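As you go down the protein sequences, you meet chains A and B in turn.
Note that the first sequence covers residues 1 to 346 in UniProt numbering.
Note that the second sequence covers residues 1 to 253 in UniProt numbering.
Cβ atoms here follow ideal geometry from the backbone N, Cα and C, with glycine treated the same way.
Keep in mind it's a predicted model, so treat the numbers as computed, not measured.
Take a look at the structure below.
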Amino acid sequence: MTADGLRATLVVHRPAFTLDITLDVAPGEVVALLGPNGAGKTTALRALAGLIPMSGGHISLDGRPLHHLAPEQRPIGMVFQDYLLFPHLSALDNVAFGPRCQGVSKAEARRVAAALLERVGLADRATDKPRRLSGGQAQRVALARALAVRPRLMLLDEPLAALDAHTRLEIRSQLRRHLADFDGATVLVTHDPLDAMVLADRLVVIESGVVVQQGAPAEVARRPRTGYVARLVGLNLYRGIGDGTRVEVGELPLHTSEQLDGPAFVAFSPAAVALYRTRPDGSPRNLWQATIGGIERHGDNVRVHLDGPITAFADITPAALADLELSPGQRIWASVKATETHAYPA
Amino acid sequence: MLVLPAVAGLAFLVLPLAGLLIRAPWSTLPQRLAEPQVLEALRLSLVCATAATVVCVLCGVPLAWLLARVEFPGRRVVRALVTVPLVLPPVVGGVALLLVLGRRGLVGQWLESAFGITLPFTTLGVIVAEAFVAMPFLVISVEGALRAADRRFEEAAATLGASRWTVFRRVTLPLIMPGVVAGAVLCWARALGEFGATITFAGNFPGTTRTMPLAVYLALETDPDAAIVLSLVLLAVSVVVLASLRDRWVNSP
Chain A
1 MTADGLRATL
11 VVHRPAFTLD
21 ITLDVAPGEV
31 VALLGPNGAG
41 KTTALRALAG
51 LIPMSGGHIS
61 LDGRPLHHLA
71 PEQRPIGMVF
81 QDYLLFPHLS
91 ALDNVAFGPR
101 CQGVSKAEAR
111 RVAAALLERV
121 GLADRATDKP
131 RRLSGGQAQR
141 VALARALAVR
151 PRLMLLDEPL
161 AALDAHTRLE
171 IRSQLRRHLA
181 DFDGATVLVT
191 HDPLDAMVLA
201 DRLVVIESGV
211 VVQQGAPAEV
221 ARRPRTGYVA
231 RLVGLNLYRG
241 IGDGTRVEVG
251 ELPLHTSEQL
261 DGPAFVAFSP
271 AAVALYRTRP
281 DGSPRNLWQA
291 TIGGIERHGD
301 NVRVHLDGPI
311 TAFADITPAA
321 LADLELSPGQ
331 RIWASVKATE
341 THAYPA
Chain B
1 MLVLPAVAGL
11 AFLVLPLAGL
21 LIRAPWSTLP
31 QRLAEPQVLE
41 ALRLSLVCAT
51 AATVVCVLCG
61 VPLAWLLARV
71 EFPGRRVVRA
81 LVTVPLVLPP
91 VVGGVALLLV
101 LGRRGLVGQW
111 LESAFGITLP
121 FTTLGVIVAE
131 AFVAMPFLVI
141 SVEGALRAAD
151 RRFEEAAATL
161 GASRWTVFRR
171 VTLPLIMPGV
181 VAGAVLCWAR
191 ALGEFGATIT
201 FAGNFPGTTR
211 TMPLAVYLAL
221 ETDPDAAIVL
231 SLVLLAVSVV
241 VLASLRDRWV
251 NSP
C-alpha cells in the first residue's frame, strides 16, 4: 500500500441506481473504466472531479484527501466528451485559462499555453476560435487545456467518442503518447474496448454501478468474467462446474485442455467453432446439435447465431456458408476442439 | 374567418403611427427640433434612460444569476416579486416609491438625514423611477439566457480551477452576452418611455425631471404640433432600437 496516486471509494446513490466502486490508480498509470451505457462510468468520473456530490466513500490523491474539496480546488485536469472548449476564447486562451485561474500572469499563462499547443502539434491554430477547429484538433486543444493546470489526476470522458473513424485512429495513438508522458494518475471512461485496450494499462469493468472485473487488458481479453466483457472482446463465454478437464455447462460437458475443479468459466472464439450439416466422422471432443438462430455479416466473415444446449456464435467464411446452405431454423452440428477452449476458475 | 380580424388588428396597430406621420408638421420640423425645450427634454430622457439601464444591468444581472443558478427557499416567490413592476400600473409604482424613498418615506428619511440625498422631484428620482419599472425586462431576459446556456461550460471552467466569480466573469457572462444586450436594450426602451412612475415620484420640472413623455403630454394641451414632433422623435428612437435588436441579437443568436 502506497500513499501515492489515486485511492478512491466512490458511492453515489441515485433513484433506481447506486454506484459503489473502489478505484486505485498509481502515478503514471492509465486506468480505463469500461462498461455499457448507464453503468455509472461518467458518474464515477464526475464524482472524482467533484461535479456531483458523493453519498459516501472517500478520495485521496498522493495521500491528500480530496472528497471535501470543491472542483476548482482539486488538482485535476478533465477532458470532456464534447471537449467544451469555451467558444468565445481562442485555442490559446482556452489553454491559458487554467494557469490564469491559478494566478499566473497573463504573459506567463500564454507562454505555457503556446508550449502545450506546440506539443500537441497545434502551434499554428493558436489564434483560432474553437468553431474553426476540426474534431481532432478540438480534442487536442482540450487535452492541452487539461494538462495546462499541471494536474495530479487526469480525467477523460469518452475522449475519442466524438471523432470519425479515421481521425480516431490517429488521435488514439497521439493520446496514448501524451498519456505516457503524463506522470500523474489517469482515469479514462470509454465504452469502446479498442480505446480501452490501446490507451489503458489496466481495465476496470463496471456494470450496474459495481466493478465486475479488472486487470491488464490482455488478461481481461483472454479471461472475460461476464457476458458483457465476453461480447466486448468477442468470445463465447460459459459458466459451469469444472471436473478435471471437463466443465459441465448445463447439460453439455465441454472438454478443455486445462485441469480445473469447482466453479469455472469456459471461453472460446467464434472462429474456433466448426459447423457440419451431418454428424462429423472422427471424434471431436466437443460436439453438439444446434439450431441456427440467425446469420449476419461480421467483418469479412459471417457470424452464425446458434441456439441449443448452449447459445454460441460461430464465425465462418462466406464460402463455407454457401457450401453448407445454412438458413435460420435449420438443425446443424457444431464442434470445438478442446485445445481451442480456455477454462479458468470462476 | 381569421384574416378579417387579423387585418383589423394590424390596422389598429399601424394606423395611429401612420396618423402621426401624416399630421406631422414636416415643414417646420427642423426648427421645432432645435428648440431648447425639446433638446433639453431629449437630453434628459437619454441621460436618465441610460443611467437607469446601467443601474438595471449592475443589479439585474446578478439578480438573474441568483434566480437561475442558486437554489434557495422561496426562489419562486422572489421570481414572482421581480416581475411585479411589469404588471403594476406605473402610477402605483410611483406612489410606492414615494412612500419608501420620499422625504418622509421609510428609507428616504434616513437617506436625507444620513447622506443628504433627496430622491423625489430630482433627476436622480427620475432614474430611480425608470429603473424600478424597467428592471424586470432585463432580469427576465438575462435569466432566460442563463437557463438556456450550457452549464457544462461552467463545470469545465471549475475543473480548470476557476472560482465561482471567475467562472461568471470569464465564461458565463460572455456566453450570455446576447441575452444581456437584448435585455439592456428592452430595458432602455422601456425607461425612455416611462411616464406614470416618473411624474408621480419625480414630478414635472423642466430641465431636471421633465423627460420626453412628460413633455409630450404637456405640449398636447398647449401646442399639439410640438407634441407630434416630440412623439416622432420617440417613435424614431423606438424603431431604431427595435431594428438593431432584431438584426443583431434576435434573429442570429
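By alpha-carbon distance to Ala216/A, the top candidate from Val30/A, Leu10/A, Thr22/A is Val30/A. With respect to chain A, the C-beta atom of Arg69/B has no partner C-beta closer than 9 Å. Leu234/B is a Cβ neighbour of Gly193/B, given a cutoff of 9 Å. Beta-bridge analysis with DSSP links Leu92/A to no other residue. Taking 9 Å as the cut-off, the beta carbon of Ile310/A is found closer than this to the beta carbon of Leu252/A. Using a Cβ-Cβ distance cut-off of 8 Å, the segment 29 to 43 of chain B and the segment 114 to 126 of chain B are not in contact, since fewer than three pairs of beta carbons, one from each stretch, lie closer than that value. Counting the other CB atoms within 10 Å of its CB gives Trp188/B a total of 16 or more, which places it among the buried residues. In the three-state DSSP reduction, Gly293/A falls in the strand class (E or B). At a cut-off of 9 Å, the C-beta of Pro178/B has no neighbouring C-beta in chain A. Using a Cβ distance threshold of 9 Å, Leu275/A and Ile295/A do not count as a contacting pair. Across the structure, Ala162/A and Ala320/A are spaced so that their CA atoms are roughly 38 Å apart. For Ala162/B, the chain A residues whose Cβ falls inside 7 Å of its Cβ are Glu72, Cys101, in order along the chain. Not one beta carbon of chain B lies nearer than 9 Å to the beta carbon of Ala165/A. Chain-ordered, the chain A residues with CB closer than 8 Å to the CB of Arg152/B read Phe80, Leu84.
Interface annotation, Pro53/A: not in contact with chain B, CB-CB separation never under 9 Å. Going by beta carbons, Cys48/B and Ile127/B fall inside the 9 Å limit. The three-state secondary structure of His13/A, taken from DSSP, is strand. Taking a Cβ-Cβ threshold of 9 Å, the residues of chain B close to Ala49/A are Glu155, Ala158, Thr159, in chain order. For Thr200/B, there are no neighbours in chain A by C-beta distance under 7 Å, as the nearest C-beta there is about 43 Å away. According to the DSSP assignment, Ile140/B belongs to the alpha helix (DSSP H) that extends over 123 to 148. A straight-line Cα-Cα distance of about 18 Å links Arg172/A and Leu232/A.
Scanning its chain for C-beta atoms nearer than 8 Å, with the 5 sequence neighbours on each side dropped, one finds around Ala272/A the residues Val336, Lys337, Glu340, Thr341, in chain order.
Shown here, Glu194/B sits in coil according to DSSP, grouped into three states, outside any helix or strand.
At a cut-off of 9 Å between beta-carbon atoms, Arg170/B makes contact with chain A.
The DSSP-derived three-state label of Leu235/A is coil. Separation of Arg14/A and Leu84/A (C-alpha to C-alpha, rounded to the nearest whole angstrom) is 25 Å. Boundaries around Asp181/A are those of the alpha helix (DSSP H), 165 to 181, since no beta strand (DSSP E) includes it. Taking 9 Å as the CB threshold, Leu146/B stays off the interface with chain A.
Straight-line spacing of the CA atoms in Leu63/B and Met197/A works out to 49 Å.
Take the alpha-carbon of Arg119/A and the one of Gly125/B: they are about 59 Å apart. The beta carbon of Thr127/A is closer than 6 Å to those of Ser90 in its chain, skipping five residues each way along the sequence.
Following the DSSP letters along the chain, one finds Glu219/A inside the alpha helix (DSSP H) bounded by residues 217 to 222. For Pro87/A, the closest Cβ of chain B is nearer than 9 Å. Non-local beta-carbon contacts of Gln139/A in its own chain, meaning distances under 7 Å to residues more than five positions away in sequence, involve Tyr83, Pro159, Leu163, Ile171 in chain order.
Membership of Arg140/A in the alpha helix (DSSP H) is indicated by the continuous run 135 to 147. Per DSSP, the beta-bridge partners of Thr190/A are Leu34/A.
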